[in-house]
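Student:
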Amino acid sequence: MYNKTPSEVLRIKDEYVAYCIDEVMTEFIYRIENGEKPRFEIKNKDRKDNPGLKMLLG
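Residue numbers for the sequence shown follow UniProt numbering, beginning at 1 and rising by one.
(1) So the candidates are V9, Y2, K48; which of them puts its Cα closest to the Cα of I21?
(2) Taking DSSP as the reference, what is the three-state secondary structure of G52?
(3) Just curious, the alpha helix (DSSP H) that residue 60 is in, first and last residue?
(4) Any heavy atom of the ligand NAP within a distance shorter than 6 Å of the CB on I32?
(5) Alpha carbon to alpha carbon, how far is P6 from I29?
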């Protein structure tokens, strides 16, 4: 579509990280084009709850 890979658009220099990003985006686009809808798991609707931040801060 844009003649560039997602990793090129994001200017990712690390070859392995670029490969992973490109693979994930290819799979995501394939699934969207085949009618799947993204699912977002929301366990707690409290906006103040941030499990990712809690994990990083311990």
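Each residue gets a CB set at the ideal place from its N, CA and C atoms; glycine is no exception.
Tutor: Per the coordinate set shown:
(1) Reading the sequence shown from its first residue, position 21 is the one you call residue 21. For the options V9, Y2, K48, the alpha carbon positioned closest to that of I21 is the one of V9.
(2) As a first step, residue 52 is located in the sequence shown; it is residue number 52 there, counting from the start. In this structure, DSSP gives G52 a helical state, which the three-state scheme calls helix.
(3) An answer regarding residue 60 cannot be provided, because it is not within the stretch 1 to 58 covered by the chain.
(4) The ligand NAP is absent from the structure shown, which contains no ligands of any kind.
(5) Start at 1 with the first residue of the sequence shown, and residue 6 comes out as number 6. Start at 1 with the first residue of the sequence shown, and residue 29 comes out as number 29. Distance between P6 and I29, taken at the CA atoms: about 11 Å.
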